[in-house]
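Visitor: Numbering (our numbering), first residue to last: 1 to 173.
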Amino acid sequence: MITRIAAPWVALGLAACAALPEAPLPRLQSVPAAFEMTGRIAVREGTRSEIAQLRWTRTRAGDVWVISSPLGNEVARIESTARGATLTQAGAPEQHAGSFPELTEKLLGVALDPDWLAAGLHGQPVRGAPEGWKFTVEQTQSEGAVKLARRMSASRGEVVVRLVVDGYRPLED
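In structure tokens form, the structure reads like this:
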């Protein structure tokens, strides 16, 4: 499980998210099929809060999330393909599941589908999310024909997931 951070540290970390300088983004003519995003992810459910660094690589073959502690130590890796998903954590046996959301639920306590987050990240409507989820893009940056989210959140009931984008680059796929 991701290292738990005390509430004051989470507040401080999220405040620091807003203070970081924004990196220039590439000019895009359309939403790329493959990309790499670096940033931070925070999950809050009631009084439980977690924050981690995230490196997300998306290709036509699948998604890879490398989740690291706030200090940069890799904590977990989730990889998905058309055949299923695998969660790897140091010192623990690999876990396999039929889908990426099943493993984010085990790791983060909330099922997250990378298709939803990719849509929101690229300024597109989020489709296929379970009823009750609300997606909000709090800050964007236009790059060519695409509006990229710099900060976005997804919430349902007491669960709030925040994604802060520090870096983004399209990939050849």
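Glycine included, every Cβ here is placed at the ideal spot set by N, Cα and C.
Which whole-angstrom value is the C-beta distance of F135 and G120, which I expect to be below 8 Å?
Guide: On the sequence shown, residue 135 is found 135 positions in, with the first residue counted as 1. On the sequence shown, residue 120 is found 120 positions in, with the first residue counted as 1. Right, their Cβ atoms sit about 5 Å apart.
Visitor: Would you mind reading off the limits of the alpha helix (DSSP H) that contains D115?
Guide: The sequence position of residue 115 within the sequence shown is 115, counting from 1. Looking at the DSSP string, the run of the alpha helix (DSSP H) that includes D115 is 114-121.
Visitor: Determine the burial state of Q53: buried for a count of at least 16 other Cβ atoms within 10 Å of its Cβ, exposed for fewer.
Guide: As a first step, residue 53 is located in the sequence shown; it is residue number 53 there, counting from the start. Burial call: buried.
Visitor: Could you spell out where the alpha helix (DSSP H) holding L103 opens and where it closes?
Guide: Reading the sequence shown from its first residue, position 103 is the one you call residue 103. That run of the alpha helix (DSSP H) goes 100-108.
Visitor: In terms of residue numbering, what span does the beta strand (DSSP E) encompassing P170 cover?
Guide: The residue labelled residue 170 in the question sits at position 170 within the sequence shown. Run containing P170: 159-170, per the beta strand (DSSP E) assignment.
Visitor: What's the gap between the Cα of V126 and the Cα of A90?
Guide: Here residue 126 is taken as the residue at index 126 of the sequence shown, counted from 1. Here residue 90 is taken as the residue at index 90 of the sequence shown, counted from 1. For V126 and A90, the distance between alpha carbons rounds to 33 Å.
Visitor: Assign A85 to one of two classes, buried (16 or more other C-beta atoms within 10 Å of its C-beta) or exposed (fewer than that).
Guide: The count along the sequence shown starts at 1 and reaches residue 85 at position 85. So A85 ends up on the buried side.
Visitor: Once you ignore the five residues that flank T81 on each side, which residues in its own chain have a CB closer than 7 Å to its CB?
Guide: Locating residue 81 in the sequence shown gives position 81, where the first residue counts as 1. Apart from the 5 residues on each side of it in sequence, T81 sits with its Cβ closer than 7 Å to the Cβ of A61, G62 in its chain, given in chain order.
Visitor: Please classify L117: is it buried, with 16 or more other beta-carbons within 10 angstroms of its beta-carbon, or exposed?
Guide: One-based indexing of the sequence shown puts residue 117 at position 117. Label assigned to L117: buried.
Visitor: Can you round the beta-carbon distance between P32 and L171 to whole angstroms, since I take them to be within the 8 Å contact cut?
Guide: Taking the sequence shown and counting its residues from 1, one reaches residue 32 at position 32. Taking the sequence shown and counting its residues from 1, one reaches residue 171 at position 171. That belief holds up - the Cβ atoms of P32 and L171 are roughly 7 Å apart, short of 8 Å.
Visitor: Are the beta-carbon atoms of I41 and R151 separated by less than 9 Å?
Guide: Numbered from 1 along the sequence shown, position 41 holds the residue referred to as residue 41. Numbered from 1 along the sequence shown, position 151 holds the residue referred to as residue 151. No. Outside cutoff.
Visitor: From W133 to A154, what does the alpha carbon distance come to, in whole angstroms?
Guide: Position 133 of the sequence shown, counted from the start, is the residue given in the question as residue 133. Position 154 of the sequence shown, counted from the start, is the residue given in the question as residue 154. Rounded to whole angstroms, the gap between the alpha carbons of W133 and A154 is 7 Å.
Visitor: Can you give me the C-alpha to C-alpha distance between F35 and G167, rounded to a whole angstrom?
Guide: Residue 35 sits at position 35 when you count from the first residue of the sequence shown. Residue 167 sits at position 167 when you count from the first residue of the sequence shown. Those two C-alpha atoms are separated by around 11 Å.
Visitor: Sort out for me which residues DSSP pairs L71 with in a bridge.
Guide: Reading the sequence shown from its first residue, position 71 is the one you call residue 71. None, per the DSSP bridge assignment.
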